[in-house]
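Below, the structure written as structure tokens:
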């Protein structure tokens, strides 16, 4: 029943997981519901640790094995491995590991009803916790010791350990443990007929839950408060707390509080003497607890349902059914709470047997529980016991002894005094309600002060925001006007720049136009001058000069005819230049055809003048010498570009160069110009005869200002 609490204890889990990865794997297998896999892994690892004489890890493997067997309810196997782990841990001087085994051993002895041995090991564990300053573990040990003394029916020792644990939990701020201890103290005081003290501790747990909200825990507190009022014959007040629990239950998805609420609803109906309705509700509660995941963990609540069910059946005269229900309840009683639960069920069983005239069996049960009832300090148990004994003595016609028991009943009734107890409960509840209201008033006062402070802060923020917005508005207006003024100035400046640029473009176009016209004039003058020259050599020179001037004039003509005054497009310029030369030399293009494959590129004026003059000389030489005596042929012009360079190639299929012709040593003006401009372009020139005709190839690097034509 305590497997999950043990396995989930953080300090112990961290110890084992940090010792070796195999322990992490085994614990993970156990959490996933695979205990056999965990056992197999641990036994293999344990043999390896033992063979390597790694005794601490071997002890750790035994400890985890003990945990696994504990979780699977194999208590004897678990106890064997835990004792062996403790022996090795003590031998190796590892107190922490030994203390962890002590805790596990104590839990098993507690379940096996060996209280003395359980207490011995819990005390060892508590001693280790104190030495190492482990307050949480010390609080948990106090809880376990209280449970042991609950089994032994020693209320004073129970109270001692619960109050000690509560003091430690408060001083170290363990809210979950505080809640648990408040609940245990409430149950303890209710069992010894001190309902005002029980209510006090339940109310303390409610105040704790206000700071650490947990709706499902709050539901259980309200249900236990309702039980206090039921035990003190005040079902109306019990109903009040049942309604509060029902209201909270609407937001819960946990089935356990719902089943618990059904149980308390059934006991309330029982207190209201509504036996038939109580049986229906209690049967639903019993089924609800059985249907919960791992129902064996809720056997104590199942036993309570059966006991209350038996009481309702007895009320309706269904004594056989009541005895059967009590028998089932006794079989389900948990070891920790067994003595109290057995006492309740056996006292009821004795009352039923007495009503069936089974006086001897009834007396036997009553005498067995006499010592435990006196030891428990629960006056209700003693009252029930003496009432049944008195009834039995009357049936045996032993009236003197019956009077003795009735005197004890009367004394107990005066001691219990339901009127004064009800008054005490009402006073305590009223005080708690007043304290709660005072606290609420104080809380509301604090809230009002906080709201007033927040209102002041809000007003201040609003004023600051308003001032900021006004400043932003004024700033925006000023910025807008300033930007508008700047934009107007920029617009005017832009217009001036555009006008200036347009004027410069017109001037540049005019310059190119005038340069072209001047070159045209020079060309015309050379042409006129050539008409009066008779010397063939001079005439040739003048015509070549005229052609060169025309090639440059063509560039300037192209520039002023386009919008781009810095670059010239190759395809258009080269074709016009070639056509002009064909026209100058009066070449019939049907006889000599022009073939051009020119990649559209753009170059600046300097490069274009150099390329134009080179192309002018190459085409001129081709037209003059390649096709004599009306020979037909082709002149081919190629311009290509790759990533790094440009190639200009001029080919023909004419007669080619003379055999002894050396272009690199030729002293003509044309070849001198070609070599000069090739050097200017940083290129290389190759002139030679092809398979048929002549070929000239100029390769120069791609300049950064060369670009593809649009």
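In the numbering used here, the protein residues as written are 837 to 1546. We put the CB at the ideal spot given by N, CA and C, even for glycine.
For residue i, the three-state DSSP class (helix, strand or coil)
{"i": "residue 1089", "result": "coil"}
{"i": "residue 1533", "result": "strand"}
{"i": "residue 1432", "result": "strand"}
{"i": "residue 1527", "result": "coil"}
{"i": "residue 1326", "result": "helix"}
{"i": "residue 832", "result": "This structure cannot speak to residue 832, because the chain is shown only from 837 to 1546."}
{"i": "residue 1437", "result": "strand"}
{"i": "residue 926", "result": "helix"}
{"i": "residue 889", "result": "coil"}
{"i": "residue 946", "result": "helix"}
{"i": "residue 820", "result": "In this structure the chain extends from 837 to 1546, so residue 820 is not present and cannot be described."}
{"i": "residue 1492", "result": "coil"}
{"i": "residue 1369", "result": "coil"}
{"i": "residue 959", "result": "helix"}
{"i": "residue 1180", "result": "helix"}
{"i": "residue 1221", "result": "helix"}
{"i": "residue 1214", "result": "coil"}
{"i": "residue 1016", "result": "helix"}
{"i": "residue 1192", "result": "coil"}
{"i": "residue 868", "result": "coil"}
{"i": "residue 1425", "result": "coil"}
Proximity below 8 Å, CB of residue i to CB of residue j
{"i": "residue 1103", "j": "residue 1066", "result": "yes"}
{"i": "residue 1139", "j": "residue 1113", "result": "no"}
{"i": "residue 1168", "j": "residue 1186", "result": "no"}
{"i": "residue 1510", "j": "residue 1453", "result": "yes"}
{"i": "residue 982", "j": "residue 997", "result": "yes"}
{"i": "residue 1423", "j": "residue 1459", "result": "yes"}
{"i": "residue 1049", "j": "residue 1088", "result": "no"}
{"i": "residue 1537", "j": "residue 1466", "result": "no"}
{"i": "residue 1188", "j": "residue 1159", "result": "yes"}
{"i": "residue 1457", "j": "residue 1529", "result": "no"}
Close-in-space but distant-in-sequence residues of the same chain around residue i (CB under 6 Å, 5 per side omitted)
{"i": "residue 1151", "result": "1111"}
{"i": "residue 1101", "result": "1117"}
{"i": "residue 1013", "result": "975 and 1005"}
{"i": "residue 1532", "result": "1454, 1486 and 1523"}
{"i": "residue 874", "result": "862, 865, 866 and 904"}
{"i": "residue 980", "result": "958"}
{"i": "residue 1527", "result": "none"}
Reference residue i, options the options, closest by Cα
{"i": "residue 1213", "options": "994, 1181, 1082 and 1088", "result": "994"}
{"i": "residue 928", "options": "1487, 1531 and 891", "result": "891"}
{"i": "residue 869", "options": "1145, 1055 and 904", "result": "904"}
{"i": "residue 957", "options": "971, 915 and 1290", "result": "915"}
{"i": "residue 894", "options": "872, 1481 and 924", "result": "924"}
{"i": "residue 1412", "options": "1428, 1448 and 1079", "result": "1448"}
{"i": "residue 1487", "options": "1057, 1374, 1428 and 949", "result": "1428"}
{"i": "residue 950", "options": "1280, 911 and 872", "result": "911"}
{"i": "residue 897", "options": "881, 1294 and 888", "result": "881"}
{"i": "residue 991", "options": "1290, 1385 and 1210", "result": "1210"}
{"i": "residue 942", "options": "933, 932, 959 and 1231", "result": "959"}
{"i": "residue 1033", "options": "1045, 1064, 1052 and 1056", "result": "1064"}
{"i": "residue 1134", "options": "1091, 1360, 1198 and 1199", "result": "1091"}
{"i": "residue 984", "options": "955, 1010 and 1307", "result": "955"}
{"i": "residue 1492", "options": "1461, 1482 and 1084", "result": "1461"}
{"i": "residue 1547", "options": "918, 1309 and 1226", "result": "Residue coverage of the chain in this structure runs from 837 to 1546, which leaves residue 1547 outside it and unanswerable."}
{"i": "residue 1475", "options": "1436, 1310 and 1489", "result": "1436"}
Residue range of the unbroken beta strand (DSSP E) whose run includes residue i
{"i": "residue 1473", "result": "1469-1477"}
{"i": "residue 1403", "result": "1403-1405"}
{"i": "residue 1488", "result": "1481-1488"}
Neighbourhood of residue i by C-beta distance below 7 Å, restricted to the same chain and skipping five residues each side
{"i": "residue 1237", "result": "1229"}
{"i": "residue 861", "result": "877"}
{"i": "residue 1181", "result": "1143, 1162, 1165 and 1166"}
Endpoints, alpha helix (DSSP H) assigned at residue i
{"i": "residue 1442", "result": "1441-1461"}
{"i": "residue 1062", "result": "1051-1067"}
{"i": "residue 1039", "result": "1031-1047"}
{"i": "residue 1513", "result": "1505-1517"}
{"i": "residue 996", "result": "991-1007"}
{"i": "residue 1120", "result": "1111-1126"}
{"i": "residue 974", "result": "971-987"}
{"i": "residue 1130", "result": "Here residue 1130 belongs to no alpha helix (DSSP H), and DSSP marks it neither H nor E."}
Interface flag, residue i vs chain C, CB-CB below 8 Å
{"i": "residue 1537", "result": "The displayed structure is made up of one protein chain only, and chain C is not part of it."}
Residues near residue i by beta carbon distance below 8 Å, same chain, minus five either side
{"i": "residue 1366", "result": "1375, 1378, 1379 and 1382"}
{"i": "residue 1418", "result": "1425, 1428, 1430 and 1459"}
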